[in-house]
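Asks: Mind the numbering: the sequence shown is residues 121 to 363 in the numbering used here, read in order.
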Amino acid sequence: MSTSTRTRILEVAATLVRESPDGDISTRAVCEAAKVGAPALYRHFGDKEGLLSAVVDHGFEKYLATKRERGETTDPVEDLRRGWDSHVAFALDNRNLYRLMNSPAMRTPPAAALESHRILTGDLERAAARGRIRVAPELAAQMIMSANVGVALMLVSRPATFDDIEVSRRVRDALYATVLTPDVSPEMSPSTPSGVPPAAEVPTAAARLSALLRKEHGAGLSTAEAALMKEWLDRVANARPDA
């Protein structure tokens, strides 16, 4: 009985969010539509923010399920491009839900947002292990996620101004050209990225070694030594060329 009540409240709230002109809903409207009293809603979700966070997770779960089912291809860079595009596509298909997910009013990030960030960082770590990114995966993930969310929000919230999906692909390619290194030539060693500018060689190598150390669980270093080595390598990888 408890589970069915929670599910009914959640599904009603998700429907009201989707149909709302601005994505906002009241707990009173949810209770009336779900035919439950306010105590039941607060018992299951704590407060309105808890309910909205659960609505976001409920809706975003479908998107994350496709990313989980996709698995990892042999090309992490292509996975990164597809990840950007699928993120924007989800936002356009779920406008109110996406605005809600990224609302400043949400004091606690929904679990779905945190998992999406982890998936992105994982793809970047695989790319780093191949010498394909110029900065540490964590910084690259922050750069990509902030740009991806920014573009998606503009397309969703200001369609009159941002009326061409091509802007998303242009921003994606411009950012990835900054974060990613060119592909590796088949004739070259995997540790030597082709076409990397001299100023980027050391940061790229540092990012790659940091990713490989994490992949190999420290490669013989103690936990403290591995953490210190990662800190040093990430600092080198993230140093600005003009610093």
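Yeah, the Cβ is synthetic: ideal placement off N, Cα and C, and Gly gets one too. As the structure is a computational prediction, the values presented were derived from the model and not from experiment.
Flag this pair as touching only if the region 177–195 and the region 289–296 have three or more C-beta atom pairs under 8 Å; answer yes or no.
Replies: Output reads no: the region 289–296 does not touch the region 177–195.
Asks: Taking the continuous alpha helix (DSSP H) assigned at Gly203, which residues delimit it?
Replies: Its alpha helix (DSSP H) spans residues Pro196 to Asp213.
Asks: If you compare alpha carbons, which of Arg246, Leu212 and Leu171 is closest to Leu329?
Replies: Nearest option by C-alpha distance: Arg246.
Asks: Pick from Leu171, Glu321 and Val156: whose alpha carbon is nearest that of Leu217?
Replies: That would be Leu171, whose Cα lies nearest to the Cα of Leu217.
Asks: At which residues does the alpha helix (DSSP H) containing Glu235 begin and terminate?
Replies: Glu235 -> alpha helix (DSSP H) spans Ala231 to Ala249.
Asks: For Leu348, write down the residues that DSSP places opposite it in a beta bridge.
Replies: According to DSSP, which records beta bridges pairwise, Leu348 is partnered with nothing at all.
Asks: Pairs of beta-carbons, one from the region 254–262 and one from the region 216–235, closer than 8 Å: are there three or more?
Replies: Verdict: no, contact absent.
Asks: Give a yes or no on contact between the region 162–181 and the region 199–209, applying the rule of three or more CB pairs nearer than 8 Å.
Replies: The region 162–181, when compared against the region 199–209, does not touch it at the 8 Å Cβ threshold.
Asks: Can you give me the start and stop residues for the alpha helix (DSSP H) that Met263 sits inside?
Replies: Met263 -> alpha helix (DSSP H) spans Pro257 to Ser277.
Asks: Would you give the residue range spanned by the alpha helix (DSSP H) that Phe165 belongs to?
Replies: First-last of the alpha helix (DSSP H) with Phe165: Ala158 to Phe165.
Asks: Going straight from the alpha carbon of Ala231 to that of Asp283, what length do you get?
Replies: Ala231 and Asp283: Cα-Cα distance of roughly 30 Å.
Asks: Just the Cα atoms here: how many angstroms apart are Leu333 and Ser236?
Replies: Rounded to whole angstroms, Leu333 to Ser236 spans 23 Å at the Cα level.
Asks: Given a threshold of 16 other Cβ atoms within 10 Å of its Cβ, counted over all protein chains shown, does Ala233 qualify as buried or as exposed?
Replies: Buried, since its Cβ has 16 or more Cβ neighbours within 10 Å.
Asks: With H, G and I counted as helix, E and B as strand and the rest as coil, what does DSSP make of Ile253?
Replies: If DSSP states are grouped into helix, strand and coil, Ile253 belongs with the strands.
Asks: In whole angstroms, what separates the C-alpha of Tyr162 from that of Leu240?
Replies: Distance between the alpha carbons of Tyr162 and Leu240: 34 Å.
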